[in-house]
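Engineer: My questions all concern the structure below.
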Amino acid sequence: MATEDGRLKVALAIDNTSDLVTVSLGPPATVDPNDLFIRQFNDPKVGIDNEQMRDFKERLKIFLPKIASDIDQIPENSNLIIEDVAEFVRLALLKQAANSEFNFHIAAKKMK
Amino acid sequence: MRILSRLSVCLLLLSLLPVNSSAQVATKEYKISAVSLTFFRATGDVYLDVTFTDNLDLTHVEDLSVTNIISIKTQPNGIDLTPLPNSSGNVQTVLGNPRKLRIPIDQTKKLPTDDDTKVDICFRAIHFIDADMTPHVSGVCGTGDLITPGNINAKLALQLKKLEDTPQAKSSDEKNIFASGFTTKGEGEDAEGGAEIHLNSKDLGVPNLFAALHLLKGTGENADPKNFELELKHRTTFIFGRKNLAAARDALDAGNTALAQGLIEDYRKRIFSSIHVDLGGKLEAEALGFDVANFVGEGNIKILSRTKTLFGSKSGFYKFRLIPAGLEAGYNLGKTDEAAAAAIDPKLAEQLAEVDWITRFKAGAGFTLFYRNVESKLPFKRIEVDLQGVYRYLFSREVKFDETTKKNILTDKGHKPWFQGDLKFFLADSDRGKVGFKLTFNRGSLPPVFAQTKSFQFGLIFETSEDEPKANP
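Line order of the protein sequences matches chains A and B.
In this text, residue positions in the first sequence follow this note's numbering: the first is 49, and each later residue adds one.
In this text, residue positions in the second sequence follow this note's numbering: the first is 4, and each later residue adds one.
See below:
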């Protein structure tokens, strides 16, 4: 099964922090504004400031507990472009999936 | 008249500044800005992400067809990869990004070899659309890296660096690397100057630890809070409704989108977002003289609201913070005007000499409102309001600035409130910039010398679009 890219969870964590952003889970999932990811967190259509970045990260950790330590590294800077954070999350999930796969193979070899 | 003439000069100088394009205006390059091939065969993740410089015109569904792709070829081995269309024969659009496509690769066909490092892609034609709805069409090609289990750590580190290198945001109460000069009008005769500096660092290498420097200084009569603070604090955050969010996550992961949607919609009804508990210490000093200095440990609880829409409209929002309780306790490190106090009244010197331990109760609140509607028939197209207040109760006598002698020779205890407000009203707001006026007021007193402040600023402002958040190029 393919690894989730975490994009929907990023949008949901923003939705939970600001009423300006609305996620509809569909399917297919949609988000309002429909260009959310090319905006910054402090965009007037998103409305998240530096202090609220902490809340966004805490919520994202609830949605993606497997990469909580990676999420902790995201700077609390509302100037960040949401797509850049989504890409960081995607890469962290891929890394986590690759490590799990590697550990699974090691364990399987030991079993043999 | 002096202040008006000074403001006129400022406005003239500001009007000569170049105006930049607006935040959401596309780059108008009409090409591919980034390509990456994710190649994690063991987990089944083999897909190409293609990012464009401008918004795609998704009414041209033929652009999304796999037949619109001329080739996808690896480098250096030149292996042709085969796109895997969905049931409609198309590649995927990406949630919330009109500038990005995801192209799954058919894993039953040829795949990159171990020594492939790059990938090329070419489209026959891609239709773009500007913010002003002007269409553009061009054939585009792009090149990018492979992301594999072998280089994922390096790619993740690179992406983190990109996040860390993003310039810090300037927000109302958490201003990072922000410095400003201002003209101010107190209760005295003349308008004078001042400075406000806030430097925050969140990169101390210790999670949840922040360092900050604050300076509030004016030269006008009754317009100088003489406040300097250098602080280090640790923050712990508690999110409201954590269980609801975990339930929504579990429902979503289990494929029950209806339940997850219901839980998310319930969550939106919440007003309060989180509780922040700050613990730390700070050096307070009289700006810029350091004649009086305190070391103070502090702890406070802050309740944050979610960002709420303004009367249900997404043209604006409001949010607020409450500090229901906080405690500041410390020790006075220096009070250098004891000799001056003795010269005036020996009793003052005695009281000043008794100032040592510091104990204060603190409470406060902040409110932010933003409204923007360029189509509005109201005179104001954009309004920005930022109000903050903090109340301190001093249990012990502390040093107080004497306005008559201009020396720190008094002592005081009891109620010490502080209010500050910034209000901006813009009559015009366009891609070229914003024109309006600004009102700022400060009233009350701040540690360590609690100089009584009652200042008011009014100014005409012109802000270029450079101040706006930028869309991803």
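All C-beta atoms, glycine included, are put in the ideal place defined by N, C-alpha and C.
Quick test of the definition: if touching needs 3 or more C-beta pairs under 8 Å, does the segment 59–67 of chain A touch the segment 96–113 of chain A?
Structural biologist: yes
Engineer: Applying the 10 Å Cβ sphere with the 16-neighbour rule, what's the burial state of A/ILE86?
Structural biologist: With 16 or more other Cβ atoms within 10 Å, it is buried.
Engineer: Taking the straight line between their C-alpha atoms, what separation do you get for B/THR312 and B/PHE465?
Structural biologist: 26 Å
Engineer: Could you tell me whether any non-hydrogen atom of the ligand HEM is closer than 7 Å to the CB of B/GLN460?
Structural biologist: What this structure holds is no ligand at all, so the ligand HEM is not there to describe.
Engineer: Please classify B/ARG385: is it buried, with 16 or more other beta-carbons within 10 angstroms of its beta-carbon, or exposed?
Structural biologist: buried
Engineer: Leaving out five residues on either side along the sequence, give the residues of the same chain with a beta carbon under 6 Å from the beta carbon of B/ALA346.
Structural biologist: Cβ neighbours of B/ALA346 within its own chain (closer than 6 Å, five residues either side excluded): none.
Engineer: Looking at the secondary structure, which residues open and close the alpha helix (DSSP H) in which A/PHE136 lies?
Structural biologist: Start and end: 130–159.
Engineer: For B/ARG127, count neighbouring Cβ atoms within 10 angstroms of its own Cβ and tell me buried if that reaches 16, exposed if not.
Structural biologist: exposed
Engineer: List the residues of chain A whose Cβ lies closer than 7 Å to the Cβ of B/PHE383, in chain order.
Structural biologist: The premise fails here: B/PHE383 is roughly 15 Å from chain A at the closest Cβ pair, so nothing lies under 7 Å.
Engineer: By alpha-carbon positions, which one of B/ALA45, B/ASN297 and B/PHE370 ends up nearest to B/GLN391?
Structural biologist: B/PHE370
Engineer: Determine the DSSP secondary structure at B/GLY265, reduced to helix, strand or coil.
Structural biologist: helix
Engineer: Interface residues of chain A around B/ASP48 at Cβ under 8 Å?
Structural biologist: What B/ASP48 touches in chain A: ALA50, THR51, LEU142 and ALA145.
Engineer: Give, in chain order, every residue of the segment 263–279 of chain B whose Cβ lies closer than 8 Å to some Cβ of chain A.
Structural biologist: ALA263, GLN264, ILE267, TYR270, ARG271, SER276, SER277 and HIS279
Engineer: Taking Cβ positions only, does A/ASP67 come closer than 8 Å to chain B?
Structural biologist: yes
Engineer: Can you name the residues that DSSP bridges to B/SER74?
Structural biologist: B/CYS125
Engineer: Which residues of chain A have a Cβ atom closer than 9 Å to the Cβ of B/ARG435, listed in chain order?
Structural biologist: Neighbours of B/ARG435 in chain A, taken as residues at a C-beta separation under 9 Å, are lacking, since the least C-beta distance is about 17 Å.
Engineer: With 7 Å as the C-beta to C-beta threshold (strictly closer), list the residues of the segment 396–417 of chain B near chain A in chain order.
Structural biologist: none
Engineer: Using 8 Å as the Cβ pair cut-off and three pairs as the minimum, do the segment 254–266 of chain B and the segment 125–140 of chain A touch?
Structural biologist: no
Engineer: If we define contact as Cβ-Cβ less than 8 Å, is A/ASN127 a contact residue for chain B?
Structural biologist: yes
Engineer: Does the pairing of the segment 344–359 of chain B with the segment 393–412 of chain B give three or more beta-carbon distances under 8 Å?
Structural biologist: yes
Engineer: Take the Cβ of B/PRO349 as the centre, count every other Cβ of all protein chains shown within 10 Å, and call the residue buried at 16 or more, exposed below.
Structural biologist: exposed
Engineer: Could you give the distance in angstroms between the alpha-carbon of A/ASN98 and the alpha-carbon of B/GLY153?
Structural biologist: 34 Å
Engineer: Please work out which residues of its chain come closer than 6 Å, Cβ to Cβ, to B/PRO420, disregarding the five sequence neighbours upstream and downstream, and give them in chain order.
Structural biologist: TYR394 and GLY447
Engineer: Which residue comes first and which comes last in the alpha helix (DSSP H) that contains B/PRO349?
Structural biologist: 349–356
Engineer: Along the alpha helix (DSSP H) that carries B/VAL391, what are the first and last residues, could you check?
Structural biologist: The sequence shown places Gln at residue 391 of chain B, not Val. Looking at the DSSP string, B/GLN391 is not in any alpha helix (DSSP H); the run it does join, the beta strand (DSSP E), is 385–405.
Engineer: For chain B, is any of its Cβ atoms less than 8 Å away from the one on A/GLY54?
Structural biologist: Among the CB atoms of chain B, none fall inside 8 Å of the CB of A/GLY54.
Engineer: Please tell me whether A/ASP67 and B/ARG271 are closer than 8 Å, where the distance is taken between their beta carbons.
Structural biologist: yes
Engineer: Alpha helix (DSSP H) containing B/LEU159: first to last residue?
Structural biologist: 155–167
Engineer: Considering Cα atoms alone, identify which of B/PHE275, B/PRO327 and B/ALA290 is closest to B/SER308.
Structural biologist: B/PHE275
Engineer: Output, in chain order, the set of chain A residues within a Cβ distance shorter than 8 Å of B/THR169.
Structural biologist: Simply PRO123, ASN125, ASN127, LEU128, ILE129 and ASP132.
Engineer: Indicate whether the contact test is met: 3 or more Cβ pairs, each with one atom in the segment 281–289 of chain B and one in the segment 314–322 of chain B, closer than 8 Å.
Structural biologist: Cβ pair count under 8 Å is below three, so no.
Engineer: From B/ILE155 to B/ALA290, what does the alpha carbon distance come to, in whole angstroms?
Structural biologist: B/ILE155 and B/ALA290 have their alpha carbons spaced roughly 49 Å apart.
Engineer: Report yes or no: is there a C-beta of chain B within less than 8 Å of the C-beta of A/ASN82?
Structural biologist: Interface flag for A/ASN82 against chain B is set, since a Cβ pair is found closer than 8 Å.
Engineer: With a threshold of 8 Å between beta carbons, is B/ILE155 in contact with chain A?
Structural biologist: yes
Engineer: Can you tell which of A/GLY95, A/ASN151, A/ILE122 and A/PRO76 has its C-alpha closest to the C-alpha of B/LEU163?
Structural biologist: When each option's Cα is compared against that of B/LEU163, the closest is A/ILE122.
Engineer: So with CB distances below 7 Å, who are the chain A contacts of B/PRO427?
Structural biologist: First, the residue type needs correcting, since residue 427 of chain B is Lys and not Pro in the sequence shown. Simply none; closest approach about 13 Å.
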